[in-house]
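Participant: Sharing a structure with you now.
Protein chains: 4
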Amino acid sequence: MSVHTRGRLIEAAKKIFSEKGFYNAQISHIIDEAGVARGTFYLYFKSKEEIFREILKEVVEELRDRIRVIDLSRDPIDQVRENIERVLSLALEERELARIVLQRNCDPELFAITNEFFEEVCDLIRESLDKGITLGIIRPCDTEVVARGIMGALKEIIIGLLDREDVDVRKVAEEIIRFGTRGVWSE
Amino acid sequence: MSVHTRGRLIEAAKKIFSEKGFYNAQISHIIDEAGVARGTFYLYFKSKEEIFREILKEVVEELRDRIRVIDLSRDPIDQVRENIERVLSLALEERELARIVLQRNCDPELFAITNEFFEEVCDLIRESLDKGITLGIIRPCDTEVVARGIMGALKEIIIGLLDREDVDVRKVAEEIIRFGTRGVWSE
Amino acid sequence: MSVHTRGRLIEAAKKIFSEKGFYNAQISHIIDEAGVARGTFYLYFKSKEEIFREILKEVVEELRDRIRVIDLSRDPIDQVRENIERVLSLALEERELARIVLQRNCDPELFAITNEFFEEVCDLIRESLDKGITLGIIRPCDTEVVARGIMGALKEIIIGLLDREDVDVRKVAEEIIRFGTRGVWSE
Amino acid sequence: MSVHTRGRLIEAAKKIFSEKGFYNAQISHIIDEAGVARGTFYLYFKSKEEIFREILKEVVEELRDRIRVIDLSRDPIDQVRENIERVLSLALEERELARIVLQRNCDPELFAITNEFFEEVCDLIRESLDKGITLGIIRPCDTEVVARGIMGALKEIIIGLLDREDVDVRKVAEEIIRFGTRGVWSE
DNA sequence: AATGAATGAGTGTTCATTCAT
DNA sequence: TATGAATGAACACTCATTCAT
Numbered sequence: 015m016s017v018h019t020r021g022r023l024i025e026a027a028k029k030i031f032s033e034k035g036f037y038n039a040q041i042s043h044i045i046d047e048a049g050v051a052r053g054t055f056y057l058y059f060k061s062k063e064e065i066f067r068e069i070l071k072e073v074v075e076e077l078r079d080r081i082r083v084i085d086l087s088r089d090p091i092d093q094v095r096e097n098i099e100r101v102l103s104l105a106l107e108e109r110e111l112a113r114i115v116l117q118r119n120c121d122p123e124l125f126a127i128t129n130e131f132f133e134e135v136c137d138l139i140r141e142s143l144d145k146g147i148t149l150g151i152i153r154p155c156d157t158e159v160v161a162r163g164i165m166g167a168l169k170e171i172i173i174g175l176l177d178r179e180d181v182d183v184r185k186v187a188e189e190i191i192r193f194g195t196r197g198v199w200s201e
Numbered sequence: 015m016s017v018h019t020r021g022r023l024i025e026a027a028k029k030i031f032s033e034k035g036f037y038n039a040q041i042s043h044i045i046d047e048a049g050v051a052r053g054t055f056y057l058y059f060k061s062k063e064e065i066f067r068e069i070l071k072e073v074v075e076e077l078r079d080r081i082r083v084i085d086l087s088r089d090p091i092d093q094v095r096e097n098i099e100r101v102l103s104l105a106l107e108e109r110e111l112a113r114i115v116l117q118r119n120c121d122p123e124l125f126a127i128t129n130e131f132f133e134e135v136c137d138l139i140r141e142s143l144d145k146g147i148t149l150g151i152i153r154p155c156d157t158e159v160v161a162r163g164i165m166g167a168l169k170e171i172i173i174g175l176l177d178r179e180d181v182d183v184r185k186v187a188e189e190i191i192r193f194g195t196r197g198v199w200s201e
Numbered sequence: 015m016s017v018h019t020r021g022r023l024i025e026a027a028k029k030i031f032s033e034k035g036f037y038n039a040q041i042s043h044i045i046d047e048a049g050v051a052r053g054t055f056y057l058y059f060k061s062k063e064e065i066f067r068e069i070l071k072e073v074v075e076e077l078r079d080r081i082r083v084i085d086l087s088r089d090p091i092d093q094v095r096e097n098i099e100r101v102l103s104l105a106l107e108e109r110e111l112a113r114i115v116l117q118r119n120c121d122p123e124l125f126a127i128t129n130e131f132f133e134e135v136c137d138l139i140r141e142s143l144d145k146g147i148t149l150g151i152i153r154p155c156d157t158e159v160v161a162r163g164i165m166g167a168l169k170e171i172i173i174g175l176l177d178r179e180d181v182d183v184r185k186v187a188e189e190i191i192r193f194g195t196r197g198v199w200s201e
Numbered sequence: 015m016s017v018h019t020r021g022r023l024i025e026a027a028k029k030i031f032s033e034k035g036f037y038n039a040q041i042s043h044i045i046d047e048a049g050v051a052r053g054t055f056y057l058y059f060k061s062k063e064e065i066f067r068e069i070l071k072e073v074v075e076e077l078r079d080r081i082r083v084i085d086l087s088r089d090p091i092d093q094v095r096e097n098i099e100r101v102l103s104l105a106l107e108e109r110e111l112a113r114i115v116l117q118r119n120c121d122p123e124l125f126a127i128t129n130e131f132f133e134e135v136c137d138l139i140r141e142s143l144d145k146g147i148t149l150g151i152i153r154p155c156d157t158e159v160v161a162r163g164i165m166g167a168l169k170e171i172i173i174g175l176l177d178r179e180d181v182d183v184r185k186v187a188e189e190i191i192r193f194g195t196r197g198v199w200s201e
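This is the structure:
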């Protein structure tokens, strides 16, 4: 098994899936993009579904790595900022992956992987909020609702960035944090 | 042309599309659900795509109706609250539709309709923010980013509500507004 | 569902399967022979396997009908002769079917149907022999072995007839019976 | 060319072909069984068909060796018995081979080898019968039909033995001869 | 002599769409 | 207006075979 060929296939699949989505992506597209024969594809992946799963898993793993639990030894806002910056950077480095992950497709099985991940993120945010409320840093609120809101905001903002060339990660992260912490209200 | 038959097909399609998404939905599913013959479907809709488009258009229309431009004669926050409540109500009355609209599928053509709509909403929010900044009500910020954030938050919160039975629209709307205006920061 | 089309497909499949066997038979061959479109095939049969099964079942049923248990009110040899004549006639009327049934293919599942049937026939012969021995009509022997021998003889003889045009069923049946009852030994 | 490797491949192929038949047997199965690389297979055999042919040829050769023409210097029945015993022994020593040879597959080309052989055997039997009739040992009969019957009986009986562990070759051979010469009729 | 990665023709199956009744 | 049998383009996947190392 050649790691090289596998890599080519993964890269090709990322591109095709992000351009066309799962259902419109064809094996032909992927192998043409990879410059590889039909049979070769099935040497490395059992099915179209499998390579898709594989890609999703990789991104989720990478994303998980970039999101770190906030500890109380340092300024929590700094840590949130760092998390956001790391996630934004990944999304911008690997725009194709980002597109794939942020697409909601319908097949429930296929998206279990990302959905699970997003649920995890949501839980993490909620727990952080709850902890913040106890500590008096965060104002009391329905953390269930707010956590989803924060995640949704992040996702949509990232989608918006994917087509831009000149993104200042720091600035955007700062903007997100300000919006999240103080809202849009003046004063 | 029987309005009745057309209606049955639309209702069936809403259900099927929301359950299975566009690609996994089959004409067979829709006509079985509607209790109508295969050929009958094509008397009313040119293609699977067309009925999907039709449904999307209807929702978008309905949504557009529920979102009203803020005027300065009344408390803008009240007007935002009313907009949010109306949208939430629609989503909860027609959960199937909501699911369809909030699913991002990949075929760029198919989702032009909803995407366009969401872009409109985004623009509306941005303009409102810009106006608010001029008036000194809203703090200066990158309205491009913040507008997307607000929309994303709304979308994700709605998705989160779709599986719940006991939703208090007022409370959730209030929570959203508080989050949007003042963020999560205490004090 | 048109009985006509289904019939055309069955007839075509019989021909193709008997000419090429299960594995070399292609759906294309069958639908070309039937003068029907690809999709039509799958309207009537779930798979290539299913139509094959269907055909086998039909023959086995027909064969079962033609083999009747010997009763003691009449000359048993006459009854055996009639059984053999009926089976030979079927084989000669439906040579394609005969070829299919008498082909031993390897897929164990696919041939369970005919194998079961042949086991039944074998059991029937053995039981008849056992009864005959008790009655003193049949000489004592290892009925297990002899029953298989009789069935094998029948099968092979039928195979030999399938390519001939001018078969006198009566004569052949008589020959089989004489061979089975008295062997080849002179006197 | 290593005789060892070739041998391993032949043995593996015998096993796989007898278990799965020609069409369901895959090169992968054979090389896995033989513990040999893919390319190695094609060093020794031009194709899947060739190794199958090779195996068939070997068996047919071996079988031919075991069947000897009856000469009139000794009791012909003894010679027939010896022939049968030798064939039975081979079948029981090499059950896999026996299964392969006795399976009728459909591809006409592939089975030409065994079919030819069986035709030869048939001819041999018929000639022996004809000779016997002239000598007055065998009763007059349609030797064409009877010869096929004898061969079919033998084949089917052998198939029946392949799954048994405790076969007494002498006894079975005796049973076959008695059945062939005197039939099942008492007295 | 042996390897195993790569190949690509071949085939069963699906499903949106058409059209004669 | 409604039916449902028929269509056929499209596609995922298989597996015998090749060839560079």
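Protein chains in written order, with the numbering used here: chain A, 15 to 201; chain B, 15 to 201; chain C, 15 to 201; chain D, 15 to 201. Just so you know, even glycine gets a beta-carbon here, dropped at the ideal spot from N, CA and C.
#1: Quick check on residue 128 (chain B) - is its C-beta less than 9 Å from some C-beta in chain A?
#2: Among all the DSSP beta bridges, which residues are the ones paired with residue 191 (chain D)?
#3: Comparing the C-beta of residue 193 (chain C) with each C-beta of chain D, is any distance below 9 Å?
#4: Spatial neighbours of residue 71 (chain C) within its chain, please: CB distance less than 7 Å, with the 5 preceding and 5 following residues excluded, ordered by chain position.
#5: With a 10 Å radius around its C-beta and 16 neighbouring C-beta atoms as the bar for buried, classify residue 56 (chain B) as buried or exposed.
#6: Please state if the CB of residue 160 (chain D) and the CB of residue 66 (chain C) are separated by a distance shorter than 9 Å.
#7: By the criterion of Cβ-Cβ separation under 8 Å, what are the contact partners of residue 159 (chain C) in chain D?
#8: Please name the residues in the region 133 to 152 of chain B whose beta-carbon is closer than 7 Å to at least one beta-carbon of chain A, in chain order.
#9: Can you tell me whether DSSP reads residue 24 (chain C) as helix, strand or coil?
#10: For a contact meaning CB atoms closer than 9 Å, what does residue 165 (chain D) contact in chain C?
#11: Under 7 Å between beta-carbons, which chain D residues line up against residue 103 (chain C)? List them in chain order, please.
#12: Using a C-beta cutoff of 9 Å, does residue 37 (chain D) count as contacting chain C?
#13: Roughly how many angstroms lie between the CA atoms of residue 163 (chain D) and residue 112 (chain C), to the nearest whole one?
#14: Using the C-alpha atoms, what's the distance from residue 16 (chain A) back to residue 179 (chain B)?
#15: Which residue spans inside the region 60 to 117 of chain C form an unbroken alpha helix (DSSP H) run of at least 4?
#16: How about residue 2 (chain A) and residue 110 (chain A): are their beta carbons less than 9 Å apart?
#17: According to DSSP, is residue 151 (chain A) part of a helix, a strand, or is it coil?
#18: Quick one: is residue 51 (chain A) buried, meaning 16 or more other Cβ sit within 10 Å of its Cβ, or exposed?
#19: How many Å lie between residue 154 (chain A) and residue 69 (chain A) at the Cα?
#20: Verify whether the separation of the beta carbon atoms of residue 197 (chain C) and residue 166 (chain D) is less than 9 Å.
#21: Going by beta carbon distance, what residues of the same chain come within less than 7 Å of residue 117 (chain A), once the five residues before and after it are set aside?
#22: Taking residue 171 (chain B) as the reference, give the member of B:141, B:138 and B:102 with the closest Cα.
#23: Counting only beta-carbon atoms, is residue 100 (chain A) nearer than 9 Å to chain B?
#24: Report the option in B:29, B:46 and B:100 whose CA atom is closest to the CA atom of residue 168 (chain B).
#25: Within the 9 Å Cβ cut-off, does residue 156 (chain C) reach chain D?
#26: Rounded to whole angstroms, what's the CA-CA distance from residue 199 (chain D) to residue 195 (chain C)? Just pull it up for me.
#27: So, is residue 203 (chain C) buried or exposed, given that buried needs 16 or more other C-beta atoms within 10 angstroms?
#28: Can you name the start and end residues of the alpha helix (DSSP H) that residue 125 (chain A) belongs to?
#29: Out of B:182, B:156, B:175 and B:173, state which residue places its alpha-carbon closest to the alpha-carbon of residue 182 (chain A).
#30: By the DSSP assignment, the alpha helix (DSSP H) with residue 15 (chain B) in it spans what residues?
#31: Checking contacts by CB at 9 Å: is residue 53 (chain C) closer than that to chain D?
#32: Tell me, please, whether the CB atom of residue 201 (chain D) is closer than 9 Å to any CB atom in chain C?
#33: Looking at the unbroken alpha helix (DSSP H) that takes in residue 42 (chain D), where does it start and where does it end?
#34: With respect to the alpha helix (DSSP H) encompassing residue 159 (chain C), which residues constitute its N-terminal and C-terminal limits?
Facilitator: According to the data block:
#1: no
#2: Paired residues: none, contrary to the question.
#3: yes
#4: 127
#5: exposed
#6: no
#7: 171, 174, 186, 189, 190 and 193
#8: 143, 150, 151 and 152
#9: helix
#10: 166, 167 and 170
#11: What residue 103 (chain C) touches in chain D: nothing, since even the nearest Cβ is about 16 Å away.
#12: yes
#13: 17 Å
#14: 52 Å
#15: 62 to 80, 90 to 107 and 109 to 116
#16: Any question about residue 2 (chain A) goes unanswered here, given that chain A covers just 15 to 201.
#17: coil
#18: exposed
#19: 39 Å
#20: no
#21: 35
#22: B:102
#23: no
#24: B:100
#25: yes
#26: 5 Å
#27: Lying before the first or after the last residue shown, residue 203 (chain C) is absent from chain C, which here runs from 15 to 201.
#28: From DSSP, residue 125 (chain A) is part of no alpha helix (DSSP H); its letter is neither H nor E.
#29: B:156
#30: Where residue 15 (chain B) is concerned, there is no enclosing alpha helix (DSSP H), given that its DSSP letter is neither H nor E.
#31: no
#32: yes
#33: 41 to 48
#34: 157 to 175
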